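K.L.:
Residue numbers (the working numbering), protein chains in the order written: chain F, 1 to 128; chain B, 129 to 561. Glycine included, every Cβ here is placed at the ideal spot set by N, Cα and C. This structure is a prediction, so every number in the text was calculated from the model and none was measured.
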Amino acid sequence: MKHMKWLFLGLLLVTLMTWGAATPVQAQGPAIEWELVNPAGSFKIVPMELAPRPSSLEGKTVGLRWNSKPGGDFYLDRVAELLTQQVKNVKIIKLYEVAPETRSLNGAELAKKVASFKPDLVISSQGD
Amino acid sequence: MTISTSEFIGLARNSMESFGAPDQAFVVVPHPLGMIPKEEVIKKVDAAFPEILKAATAWKPSRTTIPGLGKPAYPAETVKFTGSYQDLLKMMYDKRWSIGLPVVPPTKTAVQAMLKGTSHKPDEVVWDAVPPRMGVLTAELVAAHGVMASCKPEMMPVLLATIEAMKDPATAWRSSTTTTHPVAPMIIVSGPIAKQLGIASGLGAMGPEMPANLCIGHFVNLIGDVVGGSWPPEGDMTTQGWVGNTLATVAAENIEGNPWKQSYAEERGFKATDNVVFFHGGPAPLMENDHASVEPQDLAELLAYTMNSVGSSRCFSSGGIWLFAPEHAQTLASKGWTKKDVQQFLWKNANAPFFAQPPLAGGKCAITTCCPDNFPKDFLAKGPITDNTLIPAVEKPEQIILMVVGGAGKQSLYFPIGFGPSPLVAKKIDAWK
């Protein structure tokens with residue numbers, strides 16, 4: 001009976017310790033009803049319509065735009081080689097050579113400059 | 129179509145959407161393309177080329193509209209929430225309405241009270257599209273973020289002028305907030321308003337326990353991340369980030385400690401009574417610690433040497449900002465050196481040999497390289513560029529900006545200009561009262 005008492009006390013202690021560990025201590029305040037202004041607000045994007053894809057690149061003009069990060073030019077140079085080898089009469093414009101300013105322009109200014117070369121498709125490299 | 133490395137595809141998609149394209153033809157290639165041999169780059173192209181051809185001719189957009197567009201900018205949506213303050217903070221972080229620091233809840237009442245700090249109407253759009261999310265920022269939302277950052281209503285004109293500086297095209301906010309470069313904002317306030325509002329300029333000005341400075345710093349990064357959506361990884365690719373991305377650096381010019389008695393604002397043509405905000409974006413500063421120099425030239429030589437320690441920003445860079453401790457400024461001015469003398473000396477002596485500059489990539493000039501093609505013509509006319517040619521850290525002497533900030537001590541800080549111009553973008557505060 002004496003042993004049973006110690007067993008009971010031990011189990012009680014373990015239960016209390018386990019309960020304490022399973023319930024994270026948080027400095028929770030009282031529940032309050034808040035009415036907040038959404039601080040993110042709305043956003044404004046002017047949707048653009050993408051040009052239709054050419055169904056084939058044969059006889060088409062492909063502009064290549066490099067973002068001026070090392071390695072991206074090697075990538076596009078190789079794309080140009082493969083396109084020339086594999087696609088009949090494709091015309092390649094390396095914008096980073098004929099219009100070096102396209103390396104650092106962005107947004108509407110870049111789009112305007114690239115469009116002045118009248119490409120059917122533009123391939124751009126992004127990333128470091 | 130866009131070829132993106134795997135680490136940048138989130139940013140690439142996000143950027144395309146923010147420019148108005150609901151979807152775009154992407155081909156994802158394993159990161160990286162830089163700092164690997166050319167042969168490895170070519171292997172990546174050869175592996176991806178069939179997909180490039182397919183994307184070029186057969187790609188179809190997965191969607192043609194952008195969800196969430198068309199909601200009115202004013203009045204801002206109000207949201208009811210029941211829970212403890214801790215629950216509120218968690219909800220706000222989960223919704224990307226905070227950057228993880230505790231905020232003062234932007235209740236309607238608190239926002240209304242904050243709006244009393246300006247005569248501008250709450251529906252005034254003060255930034256029509258904060259990139260990259262293109263969030264529409266009204267005066268009402270400025271007030272909401274002012275509340276969240278613990279600012280007082282009388283700070284509103286400074287907050288609004290800071291926004292005007294952030295949106296200035298010269299600040300290049302989109303690129304500075306999305307880049308891998310550790311760009312963080314710095315705001316310098318000049319004029320009597322600094323004292324009136326308690327914007328610190330002396331000892332520990334840019335550190336803790338400076339509530340007015342801290343509120344502006346928190347406010348700026350809340351706007352960038354909550355309204356602008358500059359959130360890693362798809363809206364912010366900063367490689368490491370640093371505390372300046374969390375709380376922007378803020379100080380006022382210390383006019384009393386300035387031995388030249390001419391503030392940067394006056395140098396820029398403002399009157400001593402004008403209240404002006406200057407905005408800068410750049411990496412963490414470098415520190416010059418000189419307790420010994422007595423002659424201006426001895427100190428200036430060390431300062432010039434420090435300017436050479438700024439990585440890729442030491443090749444004809446667009447400038448930097450020295451925040452001189454008053455004691456350093458006193459030493460520099462002690463033998464009659466003017467600010468212009470100091471600028472000239474630093475410009476002449478801050479240079480490093482060409483071989484110590486970031487290398488060209490495969491012999492080509494790229495955005496992060498020190499490229500002779502871009503050197504000024506008069507510099508190239510001096511002779512061929514060799515490994516030992518000394519390359520100026522800063523392109524022009526006047527691009528080295530000198531200000532006095534801080535209190536007792538012999539430490540000065542150099543903030544290289546990462547993005548944005550020198551002279552700094554400046555906006556008058558009083559227009560926003």
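Can you give me the C-alpha to C-alpha distance between residue 96 of chain F and residue 72 of chain F, rounded to a whole angstrom?
P.N.:
Residue 96 of chain F sits at position 96 when you count from the first residue of the first sequence. Residue 72 of chain F sits at position 72 when you count from the first residue of the first sequence. Straight-line Cα distance between these residues: approximately 11 angstroms.
K.L.:
Should residue 109 of chain F go down as buried or exposed, given a rule of 16 or more other Cβ atoms within 10 Å for buried?
P.N.:
In the first sequence, counting from the first residue as 1, residue 109 of chain F sits at position 109. Burial call: exposed.
K.L.:
Within a Cβ cutoff of 7 angstroms, which residues of the same chain sit near residue 453 of chain B, ignoring the five residues on either side of it in sequence?
P.N.:
Indexing the second sequence from 1 puts residue 453 of chain B at position 325. So the qualifying residues of the chain are 534, 537, 538, 539 and 540.
K.L.:
Step through the CB atoms of chain C and report whether any lies within less than 7 angstroms of the CB of residue 167 of chain B.
P.N.:
As a matter of chain content, chain C is missing from the structure shown, whose protein chains are F and B.
K.L.:
Closest Cβ-Cβ distance between residue 225 of chain B and chain F: below 7 angstroms?
P.N.:
Here residue 225 of chain B corresponds to residue number 97 of the second sequence, with the count starting at 1. Yes, because at least one Cβ of chain F sits closer than 7 angstroms to the Cβ of residue 225 of chain B.
K.L.:
Give the straight-line distance between the Cα atoms of residue 42 of chain F and residue 291 of chain B, rounded to the nearest whole angstrom.
P.N.:
Working through the first sequence from its first residue, we reach residue 42 of chain F at position 42. Working through the second sequence from its first residue, we reach residue 291 of chain B at position 163. Straight-line Cα distance between these residues: approximately 17 angstroms.
K.L.:
May I ask you to report which of helix, strand or coil DSSP gives residue 202 of chain B?
P.N.:
Your numbering for residue 202 of chain B matches position 74 in the second sequence. Three-state DSSP puts residue 202 of chain B in coil, outside helix and strand.
K.L.:
Where in the stretch 17 to 88 of chain F do unbroken runs of the alpha helix (DSSP H), each at least 4 residues long, occur, reported from the N-terminal end onward?
P.N.:
The stretch 17 to 88 of chain F contains these whole alpha helix (DSSP H) runs: 72 to 86.
K.L.:
Where do the ends of the beta strand (DSSP E) carrying residue 415 of chain B lie?
P.N.:
Position 287 of the second sequence holds residue 415 of chain B. Looking at the DSSP string, the run of the beta strand (DSSP E) that includes residue 415 of chain B is 414 to 417.
K.L.:
For a contact meaning CB atoms closer than 7 angstroms, what does residue 68 of chain F contact in chain B?
P.N.:
Along the first sequence, read from residue 1 onward, the residue named residue 68 of chain F stands at position 68. Those are 494 and 495, listed as they occur along chain B.
K.L.:
Do the stretch 260 to 275 of chain B and the stretch 40 to 54 of chain F make contact, defined as three or more Cβ pairs closer than 8 angstroms?
P.N.:
Contact between the stretch 260 to 275 of chain B and the stretch 40 to 54 of chain F is present, because at least three Cβ pairs lie under 8 angstroms.
K.L.:
What's the gap between the Cα of residue 475 of chain B and the Cα of residue 466 of chain B?
P.N.:
If you number the second sequence from 1, residue 475 of chain B lands on position 347. If you number the second sequence from 1, residue 466 of chain B lands on position 338. Cα to Cα, residue 475 of chain B sits roughly 14 angstroms from residue 466 of chain B.
K.L.:
Are residue 347 of chain B and residue 273 of chain B closer than 7 angstroms when you measure CB to CB?
P.N.:
Along the second sequence, read from residue 1 onward, the residue named residue 347 of chain B stands at position 219. Along the second sequence, read from residue 1 onward, the residue named residue 273 of chain B stands at position 145. It is a contact, given that the beta carbons lie within the stated cut-off.
K.L.:
In the DSSP assignment, what are the bridge partners of residue 433 of chain B?
P.N.:
Taking the first residue of the second sequence as position 1, residue 433 of chain B is located at position 305. None, per the DSSP bridge assignment.
K.L.:
Once DSSP output is grouped into helix, strand and coil, what is the label at residue 555 of chain B?
P.N.:
What you label residue 555 of chain B is simply residue 427 of the second sequence in a count that begins at 1. DSSP places residue 555 of chain B in strand when its eight states are reduced to three.
K.L.:
Using the rule of at least 16 other Cβ atoms within 10 Å of the residue's Cβ for burial, across every protein chain shown, is residue 23 of chain F buried or exposed?
P.N.:
Along the first sequence, one-based indexing puts residue 23 of chain F at 23. Unreliable positioning characterises residue 23 of chain F in this predicted model, as indicated by a pLDDT of 43, which lies under 50. A coordinate reading is not provided.
K.L.:
Could you tell me the distance, in whole angstroms, from the CA atom of residue 21 of chain F to the CA atom of residue 29 of chain F?
P.N.:
As a position in the first sequence, residue 21 of chain F is number 21, starting the count at 1. As a position in the first sequence, residue 29 of chain F is number 29, starting the count at 1. Low local confidence applies: a pLDDT of 44 at residue 21 of chain F is under 50, so the model's placement there is unreliable, and no value is given.
K.L.:
Between residue 230 of chain B and residue 216 of chain B, is the Cβ-Cβ spacing less than 7 angstroms?
P.N.:
One-based indexing of the second sequence puts residue 230 of chain B at position 102. One-based indexing of the second sequence puts residue 216 of chain B at position 88. Against a cut-off of 7 angstroms, the Cβ pair of residue 216 of chain B and residue 230 of chain B comes out as no contact.
K.L.:
Which term fits residue 413 of chain B, buried or exposed, when burial requires 16 or more other beta carbons within 10 angstroms of its beta carbon?
P.N.:
For the purposes of this step, residue 413 of chain B is taken as the residue at position 285 of the second sequence. Its Cβ being crowded by 16 or more others within 10 Å, residue 413 of chain B is buried.
K.L.:
Does the beta carbon of residue 53 of chain F come closer than 7 angstroms to any beta carbon on chain B?
P.N.:
For the purposes of this step, residue 53 of chain F is taken as the residue at position 53 of the first sequence. It does: the Cβ of residue 53 of chain F has a partner Cβ on chain B nearer than 7 angstroms.
K.L.:
With a threshold of 7 angstroms between beta carbons, is residue 549 of chain B in contact with chain F?
P.N.:
Counting from one through the second sequence, the residue named residue 549 of chain B turns up at place 421. It does not: the Cβ of residue 549 of chain B has no partner Cβ on chain F nearer than 7 angstroms.
K.L.:
Between the stretch 255 to 269 of chain B and chain F, which residues of the former have a C-beta closer than 9 angstroms to a C-beta of the latter?
P.N.:
Listed by position, the residues of the stretch 255 to 269 of chain B near chain F (Cβ gap below 9 angstroms) are 256, 257, 258, 261, 262, 263, 264, 265, 266, 268 and 269.
K.L.:
Starting from residue 472 of chain B, trace the alpha helix (DSSP H) in both directions and tell me its first and last residue.
P.N.:
Position 344 of the second sequence, counting from 1, holds the residue named residue 472 of chain B. It spans 467 to 477 - the alpha helix (DSSP H) in which residue 472 of chain B sits, taken as one unbroken run.
K.L.:
Got a sec? Which residues, its chain only, sit under 6 angstroms from residue 261 of chain B by beta carbon, not counting five neighbours each side?
P.N.:
The residue labelled residue 261 of chain B in the question sits at position 133 within the second sequence. Excluding residues within five positions, the ones whose Cβ falls inside 6 angstroms are 356 and 357.
K.L.:
Can you tell me which of B/531, B/210, B/155 and B/546 puts its alpha carbon nearest to the alpha carbon of residue 385 of chain B?
P.N.:
Here residue 385 of chain B corresponds to residue number 257 of the second sequence, with the count starting at 1. Of B/531, B/210, B/155 and B/546, the residue nearest in Cα terms is B/531.
K.L.:
Does the stretch 478 to 496 of chain B touch the stretch 552 to 561 of chain B, meaning 3 or more C-beta pairs lie closer than 8 angstroms?
P.N.:
No, they do not touch.
K.L.:
Here's a check: name, in chain order, each residue in its chain whose Cβ is nearer than 7 angstroms to the Cβ of residue 239 of chain B, leaving out the five neighbours to either side.
P.N.:
On the second sequence, residue 239 of chain B is found 111 positions in, with the first residue counted as 1. Excluding residues within five positions, the ones whose Cβ falls inside 7 angstroms are 268, 271, 272 and 275.
K.L.:
Going by DSSP, what residue range makes up the alpha helix (DSSP H) through residue 126 of chain B?
P.N.:
Here chain B has residues from 129 to 561 only, and residue 126 of chain B is not among them.
K.L.:
Is it right to say residue 442 of chain B is buried, meaning 16 or more other beta carbons lie within 10 angstroms of its own, or is it exposed?
P.N.:
Position 314 of the second sequence holds residue 442 of chain B. Label assigned to residue 442 of chain B: buried.
K.L.:
Quick one: does residue 38 of chain F have its CB under 7 angstroms from some CB of chain B?
P.N.:
What you label residue 38 of chain F is simply residue 38 of the first sequence in a count that begins at 1. For residue 38 of chain F, the answer is yes, since a Cβ of chain B falls inside 7 angstroms of its Cβ.
K.L.:
For the stretch 72 to 83 of chain F, list every residue whose C-beta sits within 7 angstroms of some C-beta in chain B, in sequence order.
P.N.:
Residues passing the 7 angstroms Cβ filter: 72, 73, 74, 75, 78, 79 and 82.
K.L.:
For residue 285 of chain B versus residue 376 of chain B, is the C-beta distance shorter than 7 angstroms?
P.N.:
Sequence index remark: in the second sequence, residue 285 of chain B carries index 157 (1-based). Sequence index remark: in the second sequence, residue 376 of chain B carries index 248 (1-based). Taking 7 angstroms as the Cβ cut-off, residue 285 of chain B and residue 376 of chain B do not qualify as a contacting pair.
K.L.:
To the nearest angstrom, how far is it from the Cα of residue 495 of chain B to the Cα of residue 105 of chain F?
P.N.:
Mapped onto the second sequence, residue 495 of chain B falls at position 367. Mapped onto the first sequence, residue 105 of chain F falls at position 105. Taking the straight line from one Cα to the other gives about 12 angstroms.
K.L.:
I want to see whether chain F comes within less than 7 angstroms of residue 214 of chain B, judged by CB atoms only; does it?
P.N.:
The sequence position of residue 214 of chain B within the second sequence is 86, counting from 1. Yes, its Cβ sits closer than 7 angstroms to a Cβ of chain F.
K.L.:
Take residue 241 of chain B and list the residues in its own chain whose beta-carbon comes closer than 7 angstroms to its own, dropping the five residues that flank it on each side.
P.N.:
Position 113 of the second sequence holds residue 241 of chain B. Once the five neighbours on either side are set aside, the close Cβ partners of residue 241 of chain B are 281.
K.L.:
Helix, strand or coil: how does DSSP classify residue 388 of chain B here?
P.N.:
Position 260 of the second sequence, counted from the first residue, corresponds to residue 388 of chain B. Three-state DSSP puts residue 388 of chain B in coil, outside helix and strand.
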